[in-house]
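Colleague:
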Amino acid sequence: MALRGVSNFATTTTLVSFLLMSSIAVVSNQSYLSPGFSISTRDTTTAILVSPNGAFSCGFYKVGANVFTFSIWFTRSNSKTVAWTANLDASVIGNGSRIVFQKFGSLELLDYYGAAIWSTNTAHAESAVLLDTGNLVIMDQGGRRLWESFDSPTHTLLPSQLMTTNTKLVSTSGNGLLSSGFYTFYFDSNYTSRIMYNRDEISTKYWPIHNQSWEKATTSNIRNQYCGVDDNGTFVAGDQLKVEASDLGEGKMRRLTLDYDGNLGMYSLDMTSGNWSVSWMLFTRLCEIHGLCGVNSLCSYRPEPECSCLEGFEVIDPRDLSKGCKCKTNSVANKEFTFQELPGTDFWGYELNYNMSMPLENCWKISSDSVSCQAFGYREGTGQCYLKILLFSGKEFPEPYNDIYLKVPEATFSLPVFPSRQSPVCGVLENVASSIAIPPQKEFKFSYKELQKATNCFHEELGSGGSGVVYKGVLSDERKVAVKKLSDIIQEEQEFRSELSVIGRIYHMNVVRIWGFCAEKTHRLLVSEFVENGSLDKILFHNMNLSPSLTWSQRYNTALGVAKGLAYLHHECLEWIVHCDVKPENILLDEDFQPKLADFGLVKLLGQGAGAQMLSRVHGTRGYIAPEWVLNLPITGKVDVYSYGVVLELVMGTRVSSQVVQGEGKVEVEMAVGHYTKILKEKLASKDQSWLLEFVD
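Numbering-wise, the sequence shown is residues -29 to -1, 1 to 668 according to mature numbering (1 follows the signal peptide of the UniProt record, and there is no 0).
(1) For Lys176, which residues in the same chain have their Cβ closer than 6 Å to its Cβ, ignoring the five residues on either side in sequence?
(2) Using alpha carbons as the reference points, say which of Leu507, Ala538, Phe363, Gly204 lies closest to Cys270.
(3) Going by DSSP, what residues sit across from Trp44 in a beta bridge?
(4) Use the C-beta contact count for His95: other C-beta atoms within 10 angstroms, 16 or more gives buried, fewer gives exposed.
(5) Have a look at Pro598 and Ile606 and give me their C-alpha separation to the nearest angstrom.
(6) Could you check whether Gly65 and Asn37 sit closer than 8 Å to each other, using their CB atoms as the reference points?
(7) For Pro555, name the three-state secondary structure that DSSP assigns.
(8) Assuming contact is defined by CB atoms lying nearer than 8 Å, are Leu377 and Leu331 in contact in what I supplied?
(9) When you compare the CB positions of Lys424 and Leu433, do they come within less than 8 Å of one another, or not?
(10) Within this structure, are the beta carbons of Thr52 and Trp247 separated by less than 8 Å?
(11) Starting from Gly348, follow its DSSP beta bridges and name the residues at the other end.
(12) Between the Cα of Leu361 and the Cα atoms of Ile10, Phe347, Glu351, which residue gives the shortest distance?
(13) Which residues bound the beta strand (DSSP E) around Ser90?
(14) Please say whether Lys456 and Val440 have beta carbons closer to each other than 8 Å?
(15) For His494, which three-state DSSP category applies?
(16) So for Asn528, helix, strand or coil by DSSP?
(17) Going by DSSP, what residues sit across from Ile19 in a beta bridge?
(18) Hey, how far is the Cα of Leu78 from the Cα of Phe39?
(19) Which value, in whole angstroms, describes the spacing of the CA atoms of Glu97 and Gly76?
(20) With C-beta atoms as the reference, is Ala18 less than 8 Å away from Ser28?
(21) Would you kindly report the start and end of the unbroken alpha helix (DSSP H) that includes Ala453?
(22) For the 8 Å Cβ check, are there 3 or more pairs between the stretch 255 to 273 and the stretch 233 to 240?
(23) Give me the residue from Val63, Phe121, Asp103 with the minimum Cα distance to Thr91.
(24) If we ignore side chains and look at the alpha-carbon of each, how far apart do Val498 and Leu422 end up?
(25) Give the secondary structure of Ala538 by DSSP, where H, G and I count as helix, E and B as strand, and everything else as coil.
(26) Anyone know if the C-beta pair for Phe501 and Val452 falls short of 8 Å?
(27) Kindly give me the distance between the Cβ atoms of Glu322 and Lys359, rounded to whole angstroms, as I take these residues to be in contact under 8 Å.
(28) So the candidates are Leu471, Ser418, Tyr154; which of them puts its Cα closest to the Cα of Ser447?
(29) If I follow the unbroken alpha helix (DSSP H) through Tyr613, where does it start and stop?
(30) Where does Ala99 fall in DSSP's three states?
(31) How big is the Cα-Cα spacing for Ser150 and Asp291?
(32) One question on the structure: do Ala22 and Leu101 come within less than 8 Å of each other, judged by their Cβ atoms?
(33) Secondary structure at Leu212, three-state DSSP: helix, strand or coil?
(34) Among residues of its own chain, excluding the 5 on either side of residue 670, which ones have a beta-carbon nearer than 6 Å to its beta-carbon?
(35) Tell me the residue span of the alpha helix (DSSP H) that contains Cys334.
(36) Cutting at 7 Å between CB atoms, please list the residues of its own chain near Met329, excluding the five before and the five after it.
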């Protein structure tokens, strides 16, 4: 009996061992997965799934000594090039991390502690299959696709895979590294495909170039709202671009990738050698790509692109030139400075102001008088002058149609272009870059108790509106702030913080700066900069001689500044932001009467949780609401442009709504329009301009 028991035990042990070994061998090269499947990083060093044609493999992809991602890669590529990753920022540590096909039908990536860090969020699934196209598909019992990797691309598109208005490509952070980088390829609200750079609070679009023909296209003219590459090597990007690979034709293994350096390229795999070759590149001149050399640096061709620091600066990180350059000295003491001429050079954006047709000497004087100005650009022939508060994405041009004059300490440059008086130099640029143009990345979360103390228990009310009440406050560091108590906010703290992470990165001189927030229990508050002269409506419509009325020059600057702020929100942010409530009450004037848009993005905060239905509900203020809201048309940045047109009532100093025609009939409206048009034509034709004094308040 004892021998029989031992024999049974041995037999059972052998059988279990055989089954375990068989299961490990099978999972290393399966054609499909079923619910209940589970495997850890310790159980396999090869692919979990392989496509029927053997071209693609899927499984744990090693990115470090003991770090893995769940990815799909090209099997025959020497470097095992990744085509898709479950989550670029969700790599897992080995020793227990698992891929599990839950019995309820969801494929999940679990970390060492068993927490799901990625999931397909599917139910009633019966199988997971890797197709010959490289598409990982989750299907139900009837073969219906419940989820597929092609619907959530990472940095690469494969033939037959489309990027739509709901998806995007995000570059990796470095060559061979699988984490999110600084470049995004996506469709904007006007269905135009764009590439954006986003790093250290700098967000810029660098493709397409603004003077390209498709920039003038309207939404109604666009037919193709997708991007994709086919097996032959033809790449289509909406209606903007259609290009062909240099090796056009069938029989090639292809991919379209947004590379870590911000370039978009099409590649072909040599099946014999396993190496990739470039068959098309979007940028042949790499200095056109934003962020290549970082701030305070210049990209030059010698003949290949090279990054070099500007006078008075040094490299931040020699291993990563894209981080840019920093000031050699932290001193902010007044020093004699001069202007170093950089012919045939320009830096992208961050212009303090813009002036047409002036002599070079005048442009120099304006720059000298401005403490925050770090350089000025000047174009010979046209006399265009523009001041720079941040030197980003600098590049040289083959033909010197534009010159940059860099403000440098006189001691660092032996051949001054212009001698000048004392002014803060390098330290000012460092201060501007850190406190204004590139705010620190730390998220400023305030406690409710802190804001209670700052506002003296919400004592001094500055104003109120549909989204909440604003109070004046002073922080512990003596900064004056405006604290807004938001109403009707129902998001959880994580969602609230996520949305603020977008709005909080926004910086423009004509947009109110968000400094922090509070999200305790049911409290939702925003902390923003305090703007000294209050809202435009109080000066225009409720002045009562308590403050000086705006001069003609101040009105013009206000209109221009608001337009610049809106253009920034519509076209230069990573996220599309439509203000939806442009009106004098939301235009604040600082101590120099420079305008700043307030309450931007609150529609996003108030409505995103309810999806498209909230956006379809009318937002804004009567008298300033665009027709799209009433006619139930798609909401784009044009609704702000309409409201901006109404805000130009600041010319007259009276509400447009006070000129409302009594009656809603077509005849009454046509009569009113005709009457005003006739008067305006007569006035403009007259040499007597005294009527302007009556027209303006």
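Each residue gets a CB set at the ideal place from its N, CA and C atoms; glycine is no exception.
All figures in this text were calculated on a predicted structure; none of them were measured in a lab.
Modeller: According to the structure shown:
(1) A distance below 6 Å between beta-carbons, with the five flanking residues on each side excluded, links Lys176 to the following residues of its chain, in chain order: Arg165, Met167.
(2) When each option's Cα is compared against that of Cys270, the closest is Phe363.
(3) BP columns for Trp44 point to Ser28, Val53.
(4) It counts as exposed.
(5) Approximately 10 Å between the Cα atoms of the pair.
(6) Against a cut-off of 8 Å, the Cβ pair of Gly65 and Asn37 comes out as a contact.
(7) If DSSP states are grouped into helix, strand and coil, Pro555 belongs with the helices.
(8) Going by C-beta atoms, Leu377 is not nearer than 8 Å to Leu331.
(9) No, these two residues do not count as a Cβ contact at 8 Å.
(10) Yes, these two residues count as a Cβ contact at 8 Å.
(11) Paired residue(s): Tyr357, Ile375.
(12) Of the listed residues, the one whose Cα sits closest to Leu361 is Phe347.
(13) Per DSSP, Ser90 belongs to the beta strand (DSSP E) from 87 to 90.
(14) For Val440 and Lys456, yes; Cβs fall inside 8 Å.
(15) Strand, per DSSP.
(16) Helix at Asn528.
(17) Bridge partners of Ile19: none, in fact.
(18) Answer to the nearest angstrom: the Cα atoms are 17 Å apart.
(19) When rounded, the distance between both Cα atoms is 7 Å.
(20) In contact: Ala18 and Ser28 (Cβ atoms closer than 8 Å).
(21) From DSSP, Ala453 is part of no alpha helix (DSSP H) but of the beta strand (DSSP E) over 451 to 457.
(22) Output reads yes: the stretch 233 to 240 touches the stretch 255 to 273.
(23) Among Val63, Phe121, Asp103, the Cα nearest to that of Thr91 is on Phe121.
(24) If I take the Cα positions, the gap works out to 9 Å.
(25) If DSSP states are grouped into helix, strand and coil, Ala538 belongs with the helices.
(26) Taking 8 Å as the cut-off, the Cβ atoms of Phe501 and Val452 count as close.
(27) That pair is a contact at about 6 Å.
(28) The shortest CA-to-CA distance from Ser447 to any of Leu471, Ser418, Tyr154 is the one to Ser418.
(29) Secondary structure note for Tyr613: its alpha helix (DSSP H) is the uninterrupted segment 609 to 618.
(30) Three-state DSSP puts Ala99 in a strand.
(31) C-alpha separation (whole angstroms): 16 Å.
(32) One point to set straight first is that residue 22 is Ser, not Ala, in the sequence displayed. Yes.
(33) Strand at Leu212.
(34) Not covered by the structure: residue 670. The range shown for the chain is -29 to 668.
(35) Following the DSSP letters along the chain, one finds Cys334 inside the alpha helix (DSSP H) bounded by residues 331 to 340.
(36) For Met329, same chain residues with a beta-carbon under 7 Å away, outside a window of 5 residues either side, are Gly354, Cys356 in chain order.
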